[in-house]
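**Q**
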């Protein structure tokens with residue numbers, strides 16, 4: 127679907143992307159990870175035609191980025207990290223405006239707006255000004271606008287920043303549903319590694335302008351060495367209680383129990399805590415070394431923006 | 125066309141729902157015109173209520189000095205307060221320093237001697253005038269002229285009285301000898317149109333300048349437009365869509381043009397209907413509605429194009445805000461908005477030719493004050509529109525190349 131060869135981007139003398147080669151599968155959700163300043167935003171900005179590359183070749187859905195940038199833009203949806211809509215306009219007005227910019231007219235515009243509103247679950251607040259929406263609703267509107275042109279490729283840059291657990295889960299499920307129903311190729315950037323772990327098929331890790339890992343998630347995570355329990359409402363008290371157990375860690379709705387001598391004791395204790403607090407489990411599975419550990423191992427644990 | 129309509133609709137909705145911007149764009153200029161029209165009224169109107177306060181000390185205490193002071197007191201624009209006999213001149217200076225009076229007039233002891241001995245010029249000035257330094261030089265000049273005219277009138281009258289027999293023998297009456305000032309000079313205004321020849325009033329003279337200045341207020345919100353869209357990510361989103369920058373610029377231009385025209389109508393209505401209600405003079409729109417619309421449109425387009433250029437050319441919102449407003453103030457000072465061009469030094473007058481505000485002011489004066497037509501304002505409009513096109517083209521080029 128997306129084929130990148132020898133892609134380089136320079137900002138004056140600073141190398142943002144260094145001779146990158148990368149392929150992204152059609153219909154897959156690809157999680158793009160990297161520390162701050164690694165080159166993720168630059169890569170996505172080039173692929174979406176927001177900025178130009180210095181050198182290299184990019185082909186998207188058989189279209190060359192240099193030869194047919196407009197053709198590529200027509201099949202691309204973008205959901206930026208910032209809330210890229212007009213807060214003084216309602217969801218309806220924002221969707222109508224961006225729909226018009228996409229060249230949608232009359233019945234087609236209405237169809238696409240209806241679809242986006244339904245997916246983002248904004249029906250009840252359609253004519254209210256977006257400035258009055260909750261953080262979760264604003265994120266959903268931001269996503270809905272990116273779906274207006276029925277994109278074949280959807281770029282999502284941290285689409286769950288600043289939302290509560292319920293909204294985050296809703297957005298993640300919505301993305302998976304779009305991918306499943308419409309076979310949309312999704313490139314998903316997030317600092318929440320558990321999200322990438324949850325929804326992506328492939329994982330790309332980028333650091334200092336280089337691709338340091340690009341593989342199928344299952345291959346990346348390797349053989350099972352931990353048990354993951356996903357819960358439905360991760361409150362602070364539950365997380366603190368779970369964290370106090372040796373060999374147990376947790377992050378954003380997921381509890382990880384290391385495969386060691388204490389595994390079964392820890393499982394019982396975690397289940398006991400969840401039961402005591404009335405917390406439901408979404409699923410429990412053996413997997414894998416955690417992606418976060420792998421990510422930190424590959425990119426090192428040093429602060430990048432303090433260098 | 126539908127794309128352009130969608131952009132215009134979006135821009136208008138944003139402006140209308142942003143109360144602060146709306147206040148800045150429409151109410152503030154109208155309020156500004158109201159205040160400036162009423163404030164400057166006295167300066168421009170010959171029969172206004174504007175008076176200069178003078179405290180006078182008569183050290184001569186002669187019939188001549190008494191007549192002189194009585195003559196001054198009869199002038200409508202002067203308010204004369206006489207110090208009691210024996211009060212020192214320090215009190216006179218003290219009153220001026222405290223701001224109670226604009227001028228202090230001391231009639232010296234040999235004042236009447238200059239009347240009695242016409243054959244010899246006075247050795248020392250018969251009067252001293254003390255001036256509060258903040259008084260504008262034009263007003264100082266007016267007061268000095270008034271004092272000298274009154275002095276000469278009294279002195280000439282005194283000469284006539286002393287030589288009444290000779291004058292009478294020659295058939296000269298005192299009335300014909302002392303020609304009233306107002307009969308010496310007839311003032312005629314040179315108009316470009318012919319239908320009206322009314323004397324321009326305070327509002328007509330001051331409103332066009334402040335109207336042009338206020339129209340450029342629109343630069344302030346516009347200069348932030350692209351930075352706001354960059355910061356909230358909508359500019360990136362629009363770049364990721366197949367949207368031509370020309371539509372983006374044209375949409376903003378059209379939306380703000382509508383706002384600019386509402387702004388002008390608001391300001392003209394204030395000048396026409398509100399200012400008279402508060403005791404000021406109504407303004408005239410001239411005889412050419414088409415001309416008025418054309419010059420207002422040209423100034424509006426120029427202000428918007430300038431704001432858009434500042435928005436893409438500046439690095440951040442702080443720079444855009446400062447650059448937008450400071451340059452407008454400089455261009456208005458150069459362009460004769462704050463000080464009339466004819467009182468400027470010659471090199472500054474030549475410099476004023478580069479200010480779009482000067483072109484706009486000339487155009488508005490041609491229509492509202494000189495009763496001109498479209499033909500009279502064509503050069504100004506052409507300049508304003510040509511520079512607007514250049515600025516819009518530059519905006520498009522920068523927007524395409526620059527990563528804001």
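Chains as they are written, first to last, in the working numbering: chain Y, 127 to 433; chain D, 125 to 528.
Just so it is clear, CB atoms sit at the ideal spot from N, CA and C, and this is done for glycine as well.
1) Nearest-angstrom Cα distance between residue 343 (chain Y) and residue 268 (chain Y)?
2) Where does residue 442 (chain Y) sit, in a helix, a strand or coil, going by DSSP?
3) Tell me the DSSP secondary structure of residue 528 (chain D) in three-state form.
4) Under the rule that 16 or more other beta-carbon atoms within 10 Å means buried, what is residue 251 (chain Y), buried or exposed?
5) Would you be able to state if there are at least three C-beta pairs under 8 Å between the segment 374-394 of chain D and the segment 126-144 of chain D?
6) Residues of chain D with CB under 9 Å from residue 267 (chain Y), in chain order?
7) I'd like to know whether the C-beta of residue 256 (chain D) is nearer than 8 Å to at least one C-beta of chain Y.
8) Which residues, in order along the segment 357-377 of chain D, keep a beta-carbon less than 7 Å from a beta-carbon of chain Y?
9) Measuring only the C-alpha atoms, how far is residue 472 (chain D) from residue 247 (chain D)?
10) Is it true that the segment 137-150 of chain Y meets the segment 336-343 of chain D, where meeting means three or more beta-carbon pairs spaced less than 8 Å apart?
11) Grouping DSSP H, G and I as helix and E and B as strand, with all else coil, what is residue 294 (chain Y)?
12) For residue 374 (chain D), report the span of its beta strand (DSSP E) as first-last.
13) Under 8 Å Cβ-Cβ, which residues of chain B neighbour residue 379 (chain D)?
14) List the residues of chain D that residue 175 (chain Y) touches, going by C-beta distances under 8 Å, in chain order.
15) Using the three-state DSSP reduction, which class does residue 268 (chain Y) fall into: helix, strand or coil?
16) Can you confirm whether the segment 166-177 of chain Y touches the segment 272-288 of chain Y when touching is taken to mean that 3 or more C-beta pairs between the two stretches lie within less than 8 Å?
17) Closer than 8 Å, Cβ to any Cβ of chain D: which residues of the segment 220-231 of chain Y, in chain order?
18) Excluding five sequence neighbours on each side, which residues of the same chain lie with their C-beta closer than 7 Å to the C-beta of residue 490 (chain Y)?
19) Measure the CB-CB distance between residue 142 (chain Y) and residue 335 (chain Y) and report whether it falls below 8 Å.
20) Say the cut is 7 Å; is the CB of residue 378 (chain Y) nearer than that to a heavy atom of the ligand GDP?
21) Please list the partners that residue 208 (chain Y) has in chain D, where partner means a Cβ-to-Cβ separation under 7 Å.
22) For the candidate residues D:276, D:439, D:271 and D:236, whose alpha-carbon lies nearest to that of residue 599 (chain D)?
23) Determine whether the beta carbon atoms of residue 424 (chain D) and residue 131 (chain D) lie at a separation below 8 Å.
24) So what's residue 417 (chain D) in DSSP terms, helix, strand or just coil?
25) Residue 127 (chain D) touches chain Y at which residues, Cβ-Cβ below 8 Å?
26) Is the separation between the beta-carbon of residue 216 (chain Y) and that of residue 242 (chain Y) shorter than 8 Å?
27) Please decide whether residue 185 (chain Y) counts as near chain D, where near means a Cβ-Cβ distance under 8 Å.
28) Determine which residues share a DSSP beta bridge with residue 157 (chain Y) and list them.
29) So, at 6 Å on beta carbons, what are the nonlocal neighbours of residue 406 (chain Y) in its own chain, with the 5 sequence-adjacent residues on each side left out?
30) Counting only beta-carbon separations shorter than 8 Å, does residue 368 (chain Y) have a partner in chain D?
31) Tell me whether the beta-carbon of residue 128 (chain Y) lies closer than 8 Å to the beta-carbon of residue 176 (chain Y).
32) Can you list the residues of chain Y that residue 146 (chain D) reaches, using a CB-CB cut of under 9 Å?
33) Using a Cβ cut-off of 7 Å, pull out every chain Y residue sitting near residue 142 (chain D), in sequence order please.
34) Could you tell me which of D:224, D:191, D:145 and D:182 sits nearest to residue 211 (chain D), measuring between CA atoms?
35) Alpha carbon to alpha carbon, how far is residue 152 (chain D) from residue 214 (chain Y)?
36) Please confirm whether residue 202 (chain Y) has its beta-carbon closer than 8 Å to some beta-carbon of chain D.
**A** Short version:
1) Here residue 343 (chain Y) refers to the residue found at position 217 when the first chain is read from its first residue. Here residue 268 (chain Y) refers to the residue found at position 142 when the first chain is read from its first residue. Each residue's Cα considered, the two are about 27 Å apart.
2) An answer regarding residue 442 (chain Y) cannot be provided, because it is not within the stretch 127 to 433 covered by chain Y.
3) As a position in the second chain, residue 528 (chain D) is number 404, starting the count at 1. The predicted model places residue 528 (chain D) with a pLDDT of 46, which falls under 50 and marks its position as unreliable; any figure quoted below should be read in that light. Coil.
4) On the first chain, position 125 is the one that residue 251 (chain Y) refers to. With 16 or more Cβ atoms within 10 Å of its Cβ, residue 251 (chain Y) is classed as buried.
5) yes
6) The residue labelled residue 267 (chain Y) in the question sits at position 141 within the first chain. Those do not exist, as residue 267 (chain Y) stays about 12 Å from chain D at its closest Cβ, beyond 9 Å.
7) Along the second chain, read from residue 1 onward, the residue named residue 256 (chain D) stands at position 132. No - not a single Cβ of chain Y is within 8 Å of the one on residue 256 (chain D).
8) 357, 358, 360, 361, 362, 363, 364, 365, 366 and 367
9) Position 348 of the second chain, counting from 1, holds the residue named residue 472 (chain D). Position 123 of the second chain, counting from 1, holds the residue named residue 247 (chain D). Each residue's Cα considered, the two are about 41 Å apart.
10) no
11) To locate residue 294 (chain Y), count along the first chain from 1; it is residue 168. Residue 294 (chain Y): helix per DSSP, three-state reduction.
12) On the second chain, position 250 is the one that residue 374 (chain D) refers to. Premise fails: residue 374 (chain D) lies in the alpha helix (DSSP H), 369-393, not in any beta strand (DSSP E).
13) Included in the structure are the protein chains Y and D, with no chain B among them.
14) Within the first chain, numbered from 1, the residue matching residue 175 (chain Y) stands at position 49. Residues of chain D passing the Cβ test: 363 and 364.
15) Your numbering for residue 268 (chain Y) matches position 142 in the first chain. If DSSP states are grouped into helix, strand and coil, residue 268 (chain Y) belongs with the helices.
16) yes
17) 222, 223, 224, 226, 227, 228, 229 and 231
18) This structure cannot speak to residue 490 (chain Y), because chain Y is shown only from 127 to 433.
19) Working through the first chain from its first residue, we reach residue 142 (chain Y) at position 16. Working through the first chain from its first residue, we reach residue 335 (chain Y) at position 209. Taking 8 Å as the Cβ cut-off, residue 142 (chain Y) and residue 335 (chain Y) qualify as a contacting pair.
20) Annotation note on the ligand GDP: not contained in the displayed structure, which lists no ligands.
21) The count along the first chain starts at 1 and reaches residue 208 (chain Y) at position 82. The contacting residues are 356 and 357.
22) Since the first and last residues shown for chain D are 125 and 528, residue 599 (chain D) lies out of range.
23) On the second chain, residue 424 (chain D) is found 300 positions in, with the first residue counted as 1. On the second chain, residue 131 (chain D) is found 7 positions in, with the first residue counted as 1. Cβ distance not < 8 Å, so residue 424 (chain D) and residue 131 (chain D) don't count as in contact.
24) Working through the second chain from its first residue, we reach residue 417 (chain D) at position 293. Helix, per DSSP.
25) As a first step, residue 127 (chain D) must be located in the second chain, where it is residue number 3. Within 8 Å Cβ-Cβ: 226, 227 and 229.
26) Numbered from its first residue, the first chain carries residue 216 (chain Y) at position 90. Numbered from its first residue, the first chain carries residue 242 (chain Y) at position 116. Cβ atoms of residue 216 (chain Y) and residue 242 (chain Y): not closer than 8 Å.
27) Counted from its first residue, the first chain places residue 185 (chain Y) at position 59. Cβ-Cβ to chain D under 8 Å: no for residue 185 (chain Y).
28) Residue 157 (chain Y) sits at position 31 when you count from the first residue of the first chain. Paired residues: Y:314 and Y:329.
29) Indexing the first chain from 1 puts residue 406 (chain Y) at position 280. So the list reads 358, once near-sequence residues are dropped.
30) Mapped onto the first chain, residue 368 (chain Y) falls at position 242. No - not a single Cβ of chain D is within 8 Å of the one on residue 368 (chain Y).
31) Numbered from its first residue, the first chain carries residue 128 (chain Y) at position 2. Numbered from its first residue, the first chain carries residue 176 (chain Y) at position 50. For residue 128 (chain Y) and residue 176 (chain Y), no; Cβs fall outside 8 Å.
32) Sequence index remark: in the second chain, residue 146 (chain D) carries index 22 (1-based). By Cβ distance, chain Y contributes nothing, its closest Cβ being about 11 Å from residue 146 (chain D), past 9 Å.
33) Counting from one through the second chain, the residue named residue 142 (chain D) turns up at place 18. Chain Y residues near residue 142 (chain D): 214.
34) In the second chain, the residue the question calls residue 211 (chain D) occupies position 87. The shortest C-alpha separation from residue 211 (chain D) is found at D:182.
35) Numbered from 1 along the second chain, position 28 holds the residue referred to as residue 152 (chain D). Numbered from 1 along the first chain, position 88 holds the residue referred to as residue 214 (chain Y). Their backbone Cα atoms lie some 22 Å apart in a straight line.
36) Counting from one through the first chain, the residue named residue 202 (chain Y) turns up at place 76. So, interface residue.
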